[in-house]
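Residues 10 to 160 (the working numbering) are what the sequence shown spells out, left to right. No residue lacks a Cβ here, since even glycine has one placed at the ideal position from N, Cα and C. First comes the structure, then the notes that go with it.
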Amino acid sequence: MSDKIALIYASKSGRNEKVAQYLNQQFATLKQPIELAEMASFPIEHLADFAGVVLVSYTYYEGQLPDEAVAFFDALETVDLRGKYYALTGSSSIQHRYFGRALDLFDQKLAHLGAQRATAVLKINLDSDRADLARLDAFCQQIIDFAQNNH
Ligand SMILES: Cc1cc2nc3c(=O)[nH]c(=O)nc-3n(C[C@H](O)[C@H](O)[C@H](O)COP(=O)(O)O)c2cc1C
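Laid out in structure tokens, this is it:
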């Protein structure tokens with residue numbers, strides 16, 4: 010199977026698009042093959058072509074998935090994810106009661122479907138600051154290390 014990672018994001022006001030673009034650059038620097046895509050237009054069956062998936066998403070209304078993530082989330086059940094790995098990050102807001110809960114929902118779903126989490130869920134508060142960027146750097150490296158040790 011290809012060692013390529015799908016890097017799929019949902020973003021309304023642009024923060025998560027920036028996070029995804031930053032990760033895309035980092036993976037390129039680390040020579041990791043990557044394909045960047047928007048969640049709303051990603052054909053779910055295309056996931057079969059990747060060794061792993063990195064999802065970048067915000068959280069909306071009382072801890073819900075973004076509207077444009079719901080179809081993708083539900084369609085995950087139609088794909089064989091066993092043997093694939095995943096990682097989750099994204100900007101949301103600590104001012105809300107369920108900080109970054111969309112990531113937790115994806116975590117539960119993907120684990121339930123037999124995929125393996127490559128590294129801890131990384132929640133970012135609003136705009137990424139320098140410390141967040143350093144965490145994102147480590148996040149990329151951990152995913153690559155996981156892929157090398159497990160595939
Ligand atoms: C109406 C509204 C509801 C929100 N609800 C939540 C929430 O329940 N939990 C959370 O962590 N963040 C919540 N947020 C914060 C967003 O997730 C945050 O602004 C995020 O950075 C937006 O990402 P984007 O710029 O990629 O669209 C909410 C924001 C808005 C505008």
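| query | Just checking, does the region 98-105 make contact with the region 82-89 on the three C-beta pairs under 8 Å criterion? | reply | Taking 8 Å as the limit for Cβ pairs, the verdict is that the region 82-89 does not touch the region 98-105.
| field | Among D12, A57 and F81, nearest to F51 - alpha-carbon criterion | value | Distances from the CA of F51 to each of D12, A57 and F81 were compared; the closest alpha carbon is that of F81.
| Nearest to Q34 by CA position, among S20, L16 and D138, is which residue? | From the listed residues S20, L16 and D138, the smallest Cα separation to Q34 is found for L16.
| ligand 1 heavy atom lying under 8 Å from the CB of H105 | The closest heavy atom of ligand 1 lies less than 8 Å from the beta carbon of H105.
| By the 10 Å Cβ neighbour count, where 16 or more other Cβ atoms means buried, how is K40 classified, buried or exposed? | Flag for K40 reads exposed.
| field | Proximity below 9 Å, CB of V62 to CB of Y18 | value | In this structure, V62 keeps its C-beta atom at 9 Å or more from the C-beta atom of Y18.
| said: Taking the alpha carbon of V65 as the reference point, which residue from F36, K13, P42 and A111 has its own alpha carbon closest? | reply: Here the closest residue by C-alpha is A111.
| request: Could you have a look at R144 and say whether DSSP puts it in helix, strand or coil? | output: DSSP places R144 in the helix class (H, G or I) of the three-state scheme.
| message | Let me make sure I understand the geometry here. Which of K27, E77 and K21 has the alpha-carbon closest to that of D138? | response | Restricting attention to K27, E77 and K21, the CA atom closest to the CA of D138 is found in K27.
| Exposed unless 16 or more other CB atoms sit within 10 angstroms - verdict on T98 | Label assigned to T98: buried.
| message | Please list the terminal residues of the continuous alpha helix (DSSP H) segment that includes E77. | response | E77 -> alpha helix (DSSP H) spans D76 to A84.
| said: Is R110 near ligand 1 - that is, is its Cβ less than 8 Å away from at least one heavy atom of it? | reply: Because some heavy atom of ligand 1 lies under 8 Å away, the Cβ of R110 counts as near it: yes.
| request: Please confirm whether any heavy atom of ligand 1 lies closer than 8 Å to the CB of L16. | output: It does not: the Cβ of L16 is nowhere closer than 8 Å to a heavy atom of ligand 1.
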